[in-house]
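Using our numbering, you'd call the opening residue of the sequence shown number 641 and step up by one each time. No residue lacks a Cβ here, since even glycine has one placed at the ideal position from N, Cα and C. Keep in mind it's a predicted model, so treat the numbers as computed, not measured.
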Amino acid sequence: MAGRPRTRDKCSVEGCDSPHRAKGYCTGHYARKRAGLKMDGPIARRPGGPPAKQVGCAVDGCDREHYGRGLCVNHYNQDRRRRMQNVEGEPE
Ligand SMILES: [Zn+2]
Ligand SMILES: [Zn+2]
Numbered sequence: 641m642a643g644r645p646r647t648r649d650k651c652s653v654e655g656c657d658s659p660h661r662a663k664g665y666c667t668g669h670y671a672r673k674r675a676g677l678k679m680d681g682p683i684a685r686r687p688g689g690p691p692a693k694q695v696g697c698a699v700d701g702c703d704r705e706h707y708g709r710g711l712c713v714n715h716y717n718q719d720r721r722r723r724m725q726n727v728e729g730e731p732e
């Protein structure tokens with residue numbers, strides 16, 4: 641068994657192990673090339689979750705995950721409760 645020569649079954653970008661897709665590149669690198677993006681660096685494989693674009697809570701000093709209305713779940717609920725109280729506590 642001779643050492644396997646560089647096959648074309650794989651992406652030709654160094655360090656990329658993804659299967660060949662087109663023109664010597666894997667799907668990700670081929671897409672990059674077509675988009676005119678940099679070819680170096682491995683393709684980031686997202687586990688399927690949403691992109692890390694979400695901002696955290698808008699409250700100063702709070703670094704919890706964003707939940708809604710720019711707030712984390714805690715502050716969101718707090719804010720909501722406050723609104724409800726305001727409405728209920730409104731004297732007629
Ligand atoms: Zn690749
Ligand atoms: Zn918060």
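task = Return yes when at least one heavy atom of ligand 2 lies under 6 Å from the C-beta of valine 653, else no.
result = Looking up residue 653 in the sequence shown gives position 13. Outside the cutoff, so no.
inquiry  = With a threshold of 7 Å on Cβ separation, who are the neighbours of methionine 679 within its own chain once the five nearest residues in sequence on each side are excluded?
reply    = Against the sequence shown, residue 679 aligns to sequence position 39. Only Val653, His669, Arg672, Lys673 meet the Cβ criterion.
inquiry  = Relative to the C-alpha of aspartate 700, which candidate in Gly708, Tyr707, His715 has its C-alpha closest?
reply    = Counting from one through the sequence shown, the residue named residue 700 turns up at place 60. The shortest C-alpha separation from aspartate 700 is found at His715.
ask   = When we look at the beta-carbon of leucine 711 and count the other beta-carbons within 10 Å, is it buried (16 or more) or exposed?
value = What you label residue 711 is simply residue 71 of the sequence shown in a count that begins at 1. It counts as buried.
inquiry  = What does the alpha-carbon distance come out to for the pair cysteine 666 and leucine 677?
reply    = Counting from 1 along the sequence shown, the entry for residue 666 is found at position 26. Counting from 1 along the sequence shown, the entry for residue 677 is found at position 37. Cα to Cα, cysteine 666 sits roughly 14 Å from leucine 677.
task = Leaving aside the five residues before and after glycine 708 along the sequence, list all residues of the same chain whose C-beta is less than 8 Å from its C-beta, in chain order.
result = The sequence position of residue 708 within the sequence shown is 68, counting from 1. Once the five neighbours on either side are set aside, the close Cβ partners of glycine 708 are Tyr716.
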